[in-house]
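All residue numbers for the sequence shown refer to this note's numbering, where the first residue is 25 and numbers rise by one.
Data block below; observations after.
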Amino acid sequence: MSTFYIPLVFSGTQVIKEIRKWVYRELSEKNRFYDDSILITMKIVLILCFLVKIQLVLCYGNDTFTEELLIKPLFSDQVYAHFQFAVTWDKDPTIKKYHHTHLFPRALGEIIERHNIHELHISLTGGLWRYESWGYPVVDAAPGAEVWAWFKPDTVDIDQNWKLLANTLSGLLCSSFNFIDVSNSISPEFSFRPRGSTDWTTVNSTWLRYASLPREIVCTENLTPFKKLLPCDSKLGLASLLNSGFIHNTKYHSIALHLRPICRTETCESVSLELQLSVSLVYDYAILGTRNWSFKKLFGQGLEGKCPLSSRSNIYVDLSTSDSKKFDLTPTPDEVVTSIRGGFVNKYALYHISPNFLSISGRYEDDNEIFVKKPPSLYANQYLIGYGQERGGIVSKIYNNHWSALEVVLLQSIAWYVPVYLHTLKIVSNGEILKPTILKYIPGKQRERPYYIEMVLNLPPLSETLISVDFDYIFLKWQEYPPDANHGFYIGSAVVSSYLPLAKNFTGLPQDSSTIYSSFNASRSGYLVQVRTENMVITLPTPDFSMPYNVICLTCTVVALAFGPLHNITTKRLILKKKCETTLVQKLKLKFETIRKQLVKSKSD
């Protein structure tokens, strides 16, 4: 009898088809005799297949999976590619266990159950998103690693669950989340409100934990387990384009995971579980060698069809830059979608992925410079001031390019080894002192908690606002320095949050949806943006770690030089050498030799 196997990515209907083919193949083999027992067995197999199909429909028909890719040529000689994967599970609220899942990753479900998670947001990012040149990304992310989670109100010990969650995520994504603990975690009041089906006005921020690891390096070992969370892995669909060799050769790359509950209906009587997985990439034309792009140049290979488990597999190409820079697409898009959002009109080329779909390429008509049209309405920077090894300062600069005032929330989490002083806080906007509407400050405690500053500001129109605070350099214990102490210590990026009245340079997803397609013609009263600034590196007073090495080397050298003679003196036996006796003939030879030498010397004189 022949071997039978079923790929894991097959749906229930495909499983039945494969079993049916196998049965027919067995029955059609020549020179084989089947008795009644074998035929009865075949009938039983078909009946079981029918029952399995019914079970699959009943158990797994309540979740959906979508995959999308957005390609957007930027105005600053880069091209932006964003992969958006979404799994929505209409989970029965009476079922508390996550042991039986279909498209939803079981490993993540068990984490939710074990640690009593309500919402979970993770990002691993290499590089810095340039808001002033690139606009706003689909998904914001801070440089390095960032994680924040909302726990359910009935959680007994949030700090303990937070620590265990960080350790679990470290193993799940092969990252350094295990370094997260209460000493580098905070509970922001305004910046990170629940994104799912929760009345955030009644939510207590004590259920929230936020932490960042600005020194985290994102590499291939993070991408591999990330792709395994997808229903089709990286074998089929858009995930097959996630080639690690090309992804990490970009100017900016970020992978993110967002888990939240969402309402199934407008009345929110029932709730579904939504998982968003995204990959954001920015390619530089200087690295590609040309402004013309294609799947081969961006991802190193073509597309291997759609994921059979996906209900939507689309590719979108933003045509907004073609107004000033014409480019041609090959093949011709299936349709062109016009999106009017927040007073701005954008056009997108839409491709429906078919089994024979391979690649898309964009070719520009000329090689003229691509200039930035206009900077976004809101962006920020962060940098250090001061000199020496005694005192310094942190400055955050927020730009409001909108013609009306904007209300923003600034969040800063500063490590405990950088003591800041609230009385030195200064806020200056266009040369005038600006007072915050709300100011939250929790002083840090050495080795126990970081410094937490969160404020609500009303920025004047067309303004530049400087927020500065002074700090001291302190001494650490020698065990607390990292392996490369002279490289410096990282301070995480500041987070600026606001609701923009216009969708200028905005490509983010609506808060009530998870697909790129739903963002078309999705005008709202306001658009939530979160801007992350640069990380900072400070150099604390560092001891000379080479001195112990020098002392050890000197001590070992002295001991080695002294050990040899001492060992010889203490271990060797001294024996008196006997005086040897010479014969008469030897004495005569010595006498003649002495006379000869004297004669030779006298002649030479």
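Where a beta carbon is used, it is the ideal one built from N, C-alpha and C, also for glycine.
Just so you know, these numbers come straight off a predicted model, no measurement behind them.
- Between the alpha carbons of ALA404 and THR489 lies a gap of roughly 9 angstroms.
- Bridge pairing for GLN503: absent [DSSP].
- Judged by beta-carbon spacing, SER296 lies beyond the 7 angstroms limit of ASN545, meaning their Cβ atoms are not closer than that value.
- Here GLY269 carries a helix assignment [DSSP, helix/strand/coil].
- In the DSSP secondary-structure assignment, MET560 is bridged to ILE515.
- When DSSP states are grouped into helix, strand and coil, PHE368 belongs to the strand group.
- The alpha-carbon separation between PHE107 and ILE498 amounts to approximately 44 angstroms.
- Cβ contact annotation for ILE135 (same chain, cutoff 6 angstroms, sequence separation greater than five): THR192, in chain order.
- Within the stretch 180-206, the alpha helix (DSSP H) runs of at least 4 residues that lie entirely inside it are, in chain order, 182-197.
- Residues of the same chain with a CB within less than 7 angstroms of the CB of ASN202, apart from the 5 flanking positions on each side, are ALA190, ASN191 and SER194 in chain order.
- With fewer than 16 other Cβ atoms inside 10 Å of its own Cβ, LEU486 counts as exposed.
- With a 10 Å radius around the Cβ and a threshold of 16 neighbouring Cβ atoms, THR606 comes out exposed.
- Taken through DSSP and simplified to helix, strand or coil, TYR423 comes out as strand.
- SER401 carries a coil assignment under DSSP once its states are collapsed to helix, strand and coil.
- ARG233 is a Cβ neighbour of SER209, given a cutoff of 7 angstroms.
- Your pair GLU558 and GLN406 checks out as a contact, with CB atoms roughly 5 angstroms apart and the cut at 8 angstroms.
- Contact between the stretch 89-101 and the stretch 330-338 is present, with at least three C-beta pairs closer than 8 angstroms.
- Following the DSSP letters along the chain, one finds GLU91 inside the beta strand (DSSP E) bounded by residues 87-97.
- Assigned with DSSP and collapsed to three states, GLN300 falls in strand.
- Following the DSSP letters along the chain, one finds GLY588 inside the alpha helix (DSSP H) bounded by residues 570-595.
- Check the Cα spacing between ALA263 and each of LEU608, SER628 and CYS331: the tightest is with CYS331.
- Bounds of the alpha helix (DSSP H) holding THR618 are 608-628.
- The alpha-carbon separation between LYS501 and ARG471 amounts to approximately 11 angstroms.
- Using a Cβ distance threshold of 7 angstroms, SER420 and ILE515 do not count as a contacting pair.
- Non-local C-beta neighbours of GLU143 in its own chain, meaning closer than 7 angstroms and more than five positions away in sequence, comprise ALA173, TRP174, PRO218, ARG219, GLY220, LEU283 and ARG284, ordered along the chain.
- Note that the stretch 96-116 touches the stretch 158-173; at least 3 beta-carbon pairs, one per stretch, sit closer than 8 angstroms.
- Look at PRO249 here: in three-state DSSP terms it is helix.
- Below 8 angstroms, too few C-beta pairs join the stretch 446-461 and the stretch 502-509 to call them touching: fewer than three.
- Under the DSSP assignment, PHE107 falls outside any alpha helix (DSSP H), being part of the beta strand (DSSP E) whose first and last residues are 102-113.
- Under the criterion of beta carbons closer than 8 angstroms, LEU253 and LEU132 qualify as touching, at roughly 7 angstroms.
- Counting C-beta pairs with one atom in each stretch, the stretch 370-377 and the stretch 287-303 have fewer than three that are closer than 8 angstroms, which means they do not touch.
- In the three-state scheme derived from DSSP, where H, G and I count as helix and E and B as strand, TRP153 is classed as coil.
- With contacts defined as CB atoms closer than 7 angstroms, GLN300 and ALA110 qualify as a contacting pair.
- Straight-line spacing of the CA atoms in VAL493 and VAL561 works out to 16 angstroms.
- Per DSSP, the unbroken alpha helix (DSSP H) holding LYS321 starts and ends at 319-323.
- According to the DSSP assignment, ALA165 belongs to no beta strand (DSSP E), since it is labelled neither H nor E.
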